[in-house]
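Numbering (UniProt numbering), first residue to last: 1 to 145. Presented below is the structure to which this report refers.
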């Protein structure tokens, strides 16, 4: 559920709360993507849905790309895979091929722009000290809470 300190603002449509934004996640019975042949899996990857979200936490607002298989092959909840980019990489070019493979394997993939990387408000007012690992780790915990 969204709180005043941590609200979800999708770029295009309303969502029902923090838990639902990233966590269309827990496994449930559904058509198995791994049972499809390579051609069918490639079609699933091409049809995968990408949603860009803006997620506000105590630290600021983060841009997160969420990749999911098409609705016809997607159960209500699927395993969530969170991919965190290194520095100075950006998530899109770094994780695009792996995200596609993980979607084809049946995962929902969430790829946030870490602190200071195209995150609308997190970089404003951050000092160099606020880019230490513990701060980045707290950002991740806030994103998936």
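In this text, a Cβ means the ideal position worked out from N, Cα and C, and glycines have one as well. Predicted model, so just to flag it, every value in this text is computed and none were measured.
Item: Any 3 or more C-beta pairs closer than 8 angstroms across the stretch 135–143 and the stretch 55–72; Value: yes
Item: CB contact check: residue 82 to chain D, cutoff 9 angstroms; Value: Here there is only one protein chain, and chain D is not present.
Item: Own chain residues within Cβ distance below 6 angstroms of residue 102, not counting five before or after; Value: 81, 109
Item: Beta-bridge partners of residue 52, as assigned by DSSP; Value: 65
Item: Alpha-carbon to alpha-carbon, residue 52 and residue 134; Value: 25 angstroms
Item: Residues of its chain near residue 145, where Cβ-Cβ distance is below 6 angstroms and the 5 sequence neighbours each way are ignored; Value: none
Item: Residues bridged to residue 80 [DSSP beta-bridge criterion]; Value: 108
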